[in-house]
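Right, one structure below, let's go through it.
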Amino acid sequence: MFKKGVSLLLIFILSISTFSIVTHAASSSEYVNQSFYGYKEPSFNSAKTNGGSEYGAQNVGVMEKRDNGWWKIETWEGPVWINLNGEERVMGDFYAYDEPSFSSKVANAGAKYGRQTFRIVDGTTDGWLKFKTWEGDKWMNPTAEQITVNKTIYAYNEPSFNAQKANYEAPFNPQNWGVVEKKENGWMKVSTYEGYKWINPDGEERFINKSFYAYNEASFNAAKANAGALYRPQNFRVVDGTPNGWLKVKTWEGEKWLNLDGEERFINKSFYAYNEASFNAGKANAGALYNPQNFRVVDGTPNGWLKVKTWEGEKWLNLDGEERFIEKAFYAYNEPSFSSGKANAGALYSPQNFRVVDGTTSGWLKIKTWEGDKWMNLNQTDSGSSGVIDLALKQLGKPYVEAGTGPNGFDCSGFIYYVFKNNGYNIVRTSVAGYWGMVTKISDPQPGDLVFLQNTYKAGPSHLGIYLGNGEYIHAADETTGVIKSKINSSYTQKHFLGYARFSK
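Residues in the sequence shown are numbered consecutively from 14, following the working numbering.
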C-alpha cells in the first residue's frame, strides 16, 4: 500500500512538471520566408526587438497565434511578437505622410483620407502607423490632432518664446501639424523631424507689469520704438523671442522687441564706464578700467552705448567707439591738452567721420586717425578758437612791455587785444577793468576763454590771461617773466582769482 501511494505521488508530480513545460514551449515550428520585425507587444506602436533590425527568413517556434495576425514566437531575446501580413483597422478623417513626420510631404494629393479599412504593416513608439494605400506605403498618426498652419512659424524646444528654437533656428514653412498636447496659452506640442517641439501660431497674451522701452530689433543698440518713450504696463500679444530674454510683441507700430530683465553678456575686454552715454561724461569706477566679466545689459543707444548694472548702479559703456561726423576743421593733439604736440603734421583735419573711443569731462575726445589715437576738443572745433590758442602759444617768452600790443612785446591787456583781434574778434584796446565790463561771465571755461584776476597791483580787475585747458592759462605776467603759462590752482592765482569770461565774436 505504501509503495502504491508513493508511485501515485510521483506520477502526480511528473504530470505537473510536464504541464509546465508544455505551456512555455513552442506549440509549432513554421518557416517564415520573408524578413520581418519583432515587437515587444502585439502592437505596431510597441518597441521593436533585435536592436530595431529586421529578422531574416527562418524557422520560428510559434508560441501563440491571434486572429488579428499577431504571433508570439521564440527568439534569442525571449518571446517576441510578429505580424507578417499586417493588421486591418477601420480609420478615417486623417492626413497621410510619406515619412513618419508631419513635416514630410502629404500623401493623397494633400487631401484627407475618408473612413475605410486600412492594412497596417508597421509603426513607431511615438504613435505613427505605416499602412498600405493606392500610392504605396504611407504614414499616419492617429494619436495626434492635425491642424493646418498657413504661415511660416518657429518651433521651440519648450513652451516659451525664450526657449531655444528648433530647426536650426529657421522657420518652418506652412504645413500640417500633428498636435499631441495643448496648453491654455496657445502652445501646442507637435511632432517634427527633430522630435516633439512646441509652436504657438497666434502668440501668447501676456500682461507686462512694468514700464519698458521697445526696440525695432532684438538689441539694446537698435532704435527705440514708440518715439523713444516708455510703454506703460498693459497687455501685449507675444509672438516670438530669444533665449537671452527678448520678446517680440505686437504694438500700434507693428511688431517690436522688449527685454524686461536685461541681457546677461560677457564683456571680453577691459573698458571704461561712464555716468552718461557720452565720452565727455564723468568716468565711473573711480576712473579705473573694468576687467572682462559678465554684466547685465538693460538699455542702449543706436551708436553703440550700453547701460549695464555695476556695483555703483547703472553705468554706460561703449566697447567699439562711436562713429561721429565732425562738422568743422580742427587740430588734433597727442594728449588732451592744447599745449601738447599737434598731430597730422600740425595741419587741420577737414570735416569727416571719426571713431570716438574715449574722452574727458573738459570736452576732449580721443579719436582714431591715420596716426593712431589722437585727441581733439569738441568745444574748439572752429578755427577761431583753435587760432586763439595757437597764436597765444606762439607768444610764449616774449617780453612784457608797458602798453605794448605786440607783436614784439605786450602788457596783459595788450596781449589779449593782439591775440583776439588777429583771430577776427571785434574788440577795442582797453584796460582789464574795461574788458571785464564787456565780456560774458561763465563758470565752465573752455580753452580760449579768459581768466581774470583782481587786486594784484591795484584794487578791482587788474590782470587777465587766456585759458588753455587742463588748469593752465597763458598771460603777459610782468617785466621779469614776460609771456608765460601759469596754473589756475597756484597760490597767487587763487588769491587774486576774479572769474572766467568769454568774448562774443
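Backbone N, C-alpha and C define an ideal beta-carbon position, used for all residues, glycine too.
Unbroken beta strand (DSSP E) run spanning Val45, endpoints: 41-45
Own chain residues within Cβ distance below 6 Å of Ser42, not counting five before or after: Asn72, Gly74
As assigned by DSSP and simplified to three states, the class of Asp139: Asp139: coil per DSSP, three-state reduction.
Where Phe516 sits in the DSSP three-state scheme: It is coil, neither helix nor strand.
Minimum length 3: unbroken beta strand (DSSP E) runs contained in the region 291-351: As far as the region 291-351 is concerned, its whole beta strand (DSSP E) runs of at least 3 residues are 306-313, 319-323, 326-330, 335-339.
Validate contact between the region 76-95 and the region 129-139 using beta carbons, cut 8 Å, 3 pairs: no
Cut-off 6 Å between Cβ atoms - residues of its own chain near Lys151, not counting five sequence neighbours on either side: Ala109, Ala120
Beta-carbon gap between Asp371 and Phe292 smaller than 7 Å: Yes. Within cutoff.
Three-state class that DSSP yields for Gln159 in the structure shown: strand
Proximity below 7 Å, CB of Thr62 to CB of Glu90: Result yes, Cβ atoms of Thr62 and Glu90 sit closer than 7 Å.
Cβ contact (3+ pairs, closer than 8 Å) linking the region 350-360 and the region 316-329: Contact fails: fewer than three Cβ-Cβ distances are below 8 Å.
Arg102 - partner residues in DSSP beta bridges: Checking the DSSP bridge columns, you'll see Arg102 partnered with Phe131.
Cα-Cα separation, Asn248 to Thr264: Taking the CA atoms as reference points, Asn248 sits about 10 Å from Thr264.
Contact the region 198-208 vs the region 171-190: 3+ CB pairs below 8 Å: yes
Gly191 - containing alpha helix (DSSP H), residue span: Careful: Gly191 lies outside any alpha helix (DSSP H), inside the beta strand (DSSP E) at 188-195.
Glu207 in three-state terms, based on DSSP: coil
Separation of Asn170 from Thr382, as counted between CA atoms: 48 Å
Touching by the beta-carbon criterion (3+ pairs, under 8 Å), the region 414-421 and the region 471-486: no
Minimum length 4: unbroken alpha helix (DSSP H) runs contained in the region 365-444: Secondary structure within the region 365-444: the alpha helix (DSSP H) runs of 4 or more consecutive residues, fully enclosed, are 396-407, 425-434 (chain order).
Three-way DSSP call (helix, strand, coil) for Glu492 in this model: coil
Outcome for Gln47 when other beta-carbon atoms lying within 10 angstroms are tallied against a minimum of 16: Classification for Gln47: exposed.
Cα-Cα separation, Ala227 to Val251: Straight-line Cα distance between these residues: approximately 13 Å.
Alpha-carbon spacing of Ala490 relative to Ala238, whole angstroms: Approximately 58 Å, taken between the alpha carbons.
Nearest-angstrom Cα separation, counted from Tyr167 out to Gly376: 49 Å
Nearest residue (CA-CA) to Val401, options Phe516, Gly254, Asn281: Phe516
Endpoints, alpha helix (DSSP H) assigned at Lys78: From DSSP, Lys78 is part of no alpha helix (DSSP H) but of the beta strand (DSSP E) over 71-78.
Nonlocal neighbours in the same chain, by C-beta distance under 7 Å from Asp333, ignoring five residues either side: Gly317
Presumed contact (8 Å Cβ cut-off) between Glu364 and Glu335, rounded CB distance: According to the sequence shown, residue 364 is Pro rather than Glu. No, Pro364 and Glu335 are not in contact; Cβ-Cβ is about 17 Å, not under 8 Å.
Where the alpha helix (DSSP H) through Gln507 begins and ends: 504-509
Collapsed DSSP secondary structure at Glu90 in the structure displayed: The answer is coil: DSSP assigns Glu90 none of H, G, I, E or B.
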